[in-house]
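Here the sequence shown is numbered in the working numbering, starting from 1288 and rising by one per residue. Cβ coordinates follow ideal geometry from the N, Cα and C atoms, glycine included. Everything below concerns the one structure shown next.
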Amino acid sequence: MRLPSSKIGKLEYLERRVDGWDADPAAVGLVPAQSAAAVASTEAARDAYDAMLAARRHAEAMHDAWLGAMKTAEGDGRSCLRSIDAFAKNSAQPDVIYAAASVEPPRDKAPLGKPPTPTNITLSLDTQGRVNLAWGGTRHGGTVFAVQRRVAGVDGKQSAWETIATVPERRLVDKATPSGVLNISYRVRGERVGGVSSYSSPVVLPLGAGAVPGRIAPAWVGGRAAG
1288 MRLPSSKIGK LEYLERRVDG WDADPAAVGL VPAQSAAAVA STEAARDAYD
1338 AMLAARRHAE AMHDAWLGAM KTAEGDGRSC LRSIDAFAKN SAQPDVIYAA
1388 ASVEPPRDKA PLGKPPTPTN ITLSLDTQGR VNLAWGGTRH GGTVFAVQRR
1438 VAGVDGKQSA WETIATVPER RLVDKATPSG VLNISYRVRG ERVGGVSSYS
1488 SPVVLPLGAG AVPGRIAPAW VGGRAAG
């Protein structure tokens, strides 16, 4: 015979039996001291379990009360800080007001400066032969991304870089991919009020030898299939 595996299961198992054992210990092979001890310890376990549940419910209630009280205190504090700030800004000596309130004066926001250079450019081809580009980089401060493209003809000569789009997202579908060329290269830079980043390292998409207008043959980019 084995007790259940869980603690509460063991307790409930004993609760269903110990009173019967204690009613007639000899009938089940026990001595009175055994059955009486089992009754007492089982009742003590139940009292301790109930006390634990009550304490847990109390702790949860106290936690909810703390969150509610802190939310109210935070709101009142923010209201006071807004009033102090407005009063100080409209006074002849704002620093004196901030000092009297033990509040640090607001700092002028430092300009963001130029964004970091975009990274991890990936290329893939959809079923219509269009190039899907994606890259990593911050969009903080209203950063947008300028995407440039250049092509290499079958004679190996490369064209100049041209900007094909400026987008707010970190992705672009090139819907006008050239055909009849050896490969296409892309690079991206970030732009915002604080300046522009350097262009990313170019990523090259080699094209199949049998390219036809409007389509790009399957190719390999960065050691894996471009499509």
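How is residue 1298 classed by DSSP in three states: helix, strand or coil?
-> helix
Element boundaries [alpha helix (DSSP H), containing residue 1493] = It is not in any alpha helix (DSSP H) - residue 1493 instead sits in the beta strand (DSSP E) that spans 1490-1493.
Residue 1390 by DSSP, collapsed to three states: which one?
-> coil
Contact check, residue 1445 vs residue 1452, beta carbons under 8 Å | Cβ atoms of residue 1445 and residue 1452: not closer than 8 Å.
Inter-residue spacing [alpha-carbon to alpha-carbon] between residue 1391 and residue 1362 | 19 Å
Can you tell me which of 1427, 1400 and 1463 puts its alpha carbon nearest to the alpha carbon of residue 1481?
-> Measuring from the Cα of residue 1481, the nearest candidate turns out to be 1400.
Select from 1485, 1305 and 1332 the residue whose C-alpha is nearest the C-alpha of residue 1406.
-> 1485
What are the boundary residues of the beta strand (DSSP E) that residue 1458 is part of?
-> The continuous beta strand (DSSP E) containing residue 1458 extends over residues 1458-1461.
Do residue 1433 and residue 1479 have their CB atoms nearer than 8 Å?
-> Not a contact, by the Cβ cut-off of 8 Å.
With respect to the alpha helix (DSSP H) encompassing residue 1321, which residues constitute its N-terminal and C-terminal limits?
-> 1319-1376
Are residue 1459 and residue 1412 close, meaning C-beta to C-beta below 8 Å?
-> no
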